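Below: one structure, written as structure tokens.
Protein chains in written order, with the working numbering: chain A, 1 to 104; chain B, 1 to 519.
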């Protein structure tokens, strides 16, 4: 299975990664090998098989809708302080609604 | 006192009888780490002060004598020094996940397994090196450098829990917690000659484990003896409301005692296991181990896992798909490090920020898996890859269910080869992935499995190597390399304790654990 450099660029775009030309070329070869190996599965007959969607057969495991963990100002401060950029109150980042020109 | 050769139970008795103090025990391990870890590099972070502080508190109010007997007592691990793989969050102690993107991350909370260990009074020695976000089979993908196999420093310790395995093998921790998604506890355990368990999926809470592939991940345990792994499992297993996939079963624990013999136990050996990729010496050791099980009274039966050859391909679709989803959280916004100053960026939008930080701080293997995962989940390919893989996963699971109608445990190799050389497989991702053929089916099905030391592969060192290693450490200058080989035992769902009994009897009969690596 041959993966093209164009396909690798598309995969990188979906994954929000930026690759150098050298990396793109390397990945194209590696993905061709790996997806080539995965082609084995073409031989498996699965027409009446129920997919296995998780690691367990548990369904809808609920708990009581009660607050049981610490809350309040101290907790908020604790989590906000982990962010690379933050004010006293908020985690800060670029607006998702802004385009490049709007940042001026 | 030969601390390295005592089990947790024996150490507990000595602590209770005041033959040793928790402080002396902590100091014993901390000074060994200082003396030997410079070369091995199994630790990313050694928490010496914290360890001594906890030990002091334990000495001031020592554990009760009944703790390890009852096995449910909260003080069963009191004073016992352990280490934790860096993908498991430890409150107040930097947890990087082996990644540069979390270089400065100090978790504000403990994983549930850590909470359970703390309640039992364990001593945290430090955080172990691992492949970045648990993705790899050699620990060569760590953002912080590699860990070496204590049996031969020119070889890998395995991965992704390579730091944990190396620490336990070299006597730098009494036990360690790792994670196992496709073999990441069992494979390094086998390559480093220690015991490694992956419990039944859902037995141990995943809350606080940096998620890799959520339907496959389980916290696992490494130690030098089967008893010790079992002891730690008793402490950490639980139903957890913070993990929707954790089960109610652990509270229904019932001891399993085979009274010293495997009489009545049926061991299945899948005929598909003995393929041409399996190293000849490893094959011999595994066959000899199976004979040993027969000598202990077990009935050996040939069984079949017809879809075994498809398991690795299935895993390398499902796992990257889940990885691509789980790695999306590393956006350098809520935690971790960031390259950009968003408030000062005039030419960037939010997506640029993601791209910039993820590309800068995530390693090659993680990027590889994210991209593969994104591809198999993308429009036009979902049904062909991911949809199909989910169905083949069901077939693989059904194969096991059928076999377990006839046998109690399945036996075979953990890996096709013992430890390979550092750098040997880094240029060929597919070759690296093929190391996992025996371990991944277990994660796909959610079964419990354990690796137990079974023997050693010996190989004459080449003249070139002898010349290269002249004047180096003992393990490198010996004329023969000696590399551990593990026996893989797979149990039926929820029969972790039956598995321990079989492993324990094998361990007692073969005594492979008595051979120590000379570091």
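The beta carbon of each residue, even a glycine, is placed where N, CA and C say it ideally should be.
Everything numeric in this text was worked out from a predicted model, so none of it was measured.
**OP:** Give a yes or no on whether the minimum CB-CB distance between residue 61(A) and chain B is below 8 Å.
**Re:** yes
**OP:** Just grab the DSSP bridge partners of residue 57(B) for me.
**Re:** Residue 57(B) pairs with nothing; no bridge assigned.
Original post:
Is residue 31(A) close to chain B, meaning its C-beta is less than 8 Å from at least one C-beta of that chain?
Top reply: yes
Original post:
Closest Cβ-Cβ distance between residue 24(A) and chain B: below 8 Å?
Top reply: Using a CB distance cut-off of 8 Å, residue 24(A) does not count as an interface residue toward chain B.
Subject >> The beta strand (DSSP E) enclosing residue 300(B), as first and last residue numbers >> reply: 299–303
Subject >> Every unbroken alpha helix (DSSP H) inside the segment 176–206 of chain B [4 residues or more] >> reply: 186–191
Subject >> Cβ separation of residue 521(B) and residue 191(B), assumed to be a contact under 8 Å, to the nearest whole Å >> reply: Given a span of 1 to 519 for chain B in the structure shown, any question on residue 521(B) remains unanswerable.
**OP:** For residue 17(B), I'd like the list of residues in its chain whose CB is within less than 6 Å of its CB, leaving aside the five on either flank, ordered along the chain.
**Re:** none
**OP:** Give the straight-line distance between the Cα atoms of residue 29(A) and residue 20(A), rounded to the nearest whole angstrom.
**Re:** 15 Å
Original post:
On the three-state DSSP scale, how would you describe residue 261(B)?
Top reply: coil
Original post:
Run through DSSP, which three-state label would residue 12(A) get?
Top reply: helix
Original post:
Where residue 294(B) and residue 404(B) are concerned, what is the direct C-alpha to C-alpha distance, given to the nearest angstrom?
Top reply: 18 Å
Original post:
If we ignore side chains and look at the alpha-carbon of each, how far apart do residue 431(B) and residue 1(B) end up?
Top reply: 44 Å
Original post:
If you check the beta carbons only, do residue 148(B) and residue 41(B) fall under 8 Å apart?
Top reply: yes
Subject >> Per DSSP, cross-strand counterpart(s) of residue 84(B) >> reply: According to DSSP, which records beta bridges pairwise, residue 84(B) is partnered with 127(B), 177(B).
**OP:** Can you check DSSP and say which residues form a bridge with residue 266(B)?
**Re:** 299(B)
Original post:
Considering only the beta carbon of each residue, do residue 523(B) and residue 189(B) sit closer than 8 Å?
Top reply: The requested residue 523(B) does not occur in the structure, where chain B is confined to residues 1 to 519.
**OP:** Would you kindly work out how many angstroms separate the C-alpha atoms of residue 153(B) and residue 27(B), rounded to a whole number?
**Re:** 25 Å
Original post:
Are residue 1(A) and residue 32(A) closer than 8 Å when you measure CB to CB?
Top reply: A Cβ-Cβ contact shorter than 8 Å links residue 1(A) with residue 32(A).
Original post:
Helix, strand or coil: how does DSSP classify residue 385(B) here?
Top reply: helix
Original post:
Does DSSP put residue 45(B) in a helix, a strand or coil?
Top reply: In the structure shown, residue 45(B) falls within a strand segment according to DSSP collapsed to helix, strand and coil.
**OP:** Take residue 502(B) and list the residues in its own chain whose beta-carbon comes closer than 7 Å to its own, dropping the five residues that flank it on each side.
**Re:** 262, 265, 409, 489
Subject >> Proximity test, Cβ basis, 8 Å: residue 54(A) and chain B >> reply: Closer than 8 Å: yes.
**OP:** Note down, in chain order, each residue of its chain lying with its Cβ closer than 6 Å to the Cβ of residue 425(B), except the 5 sequence neighbours on either side.
**Re:** 431, 432
Original post:
From 314(B), 510(B), 467(B), pick the residue whose C-alpha is nearest to that of residue 486(B); which is it?
Top reply: 510(B)
Original post:
Should residue 44(A) be flagged as near chain B, meaning a C-beta pair shorter than 8 Å?
Top reply: yes
Original post:
How many angstroms separate the CA atom of residue 112(B) from the CA atom of residue 205(B)?
Top reply: If I take the Cα positions, the gap works out to 6 Å.
Subject >> residue 62(A) burial status per 10 Å Cβ neighbour count (16 or more: buried) >> reply: Label assigned to residue 62(A): exposed.
Original post:
So does the segment 413–428 of chain B actually touch the segment 373–380 of chain B, counting three or more Cβ pairs closer than 8 Å?
Top reply: no
**OP:** Using three-state DSSP, classify residue 451(B) as helix, strand or coil.
**Re:** strand
Original post:
Is residue 85(A) close to chain B, meaning its C-beta is less than 8 Å from at least one C-beta of that chain?
Top reply: yes
**OP:** Would you verify that the beta carbon of residue 66(A) is, or is not, closer than 8 Å to some beta carbon of chain B?
**Re:** No Cβ of chain B is located within less than 8 Å of the beta carbon of residue 66(A).
**OP:** Indicate whether residue 77(B) and residue 122(B) have their beta-carbon atoms separated by less than 8 Å.
**Re:** yes
Original post:
For residue 256(B), which beta-bridge partners are listed by DSSP?
Top reply: According to DSSP, residue 256(B) bridges with nothing at all.
Original post:
residue 15(A) CB to nearest chain B CB: under 8 Å?
Top reply: yes
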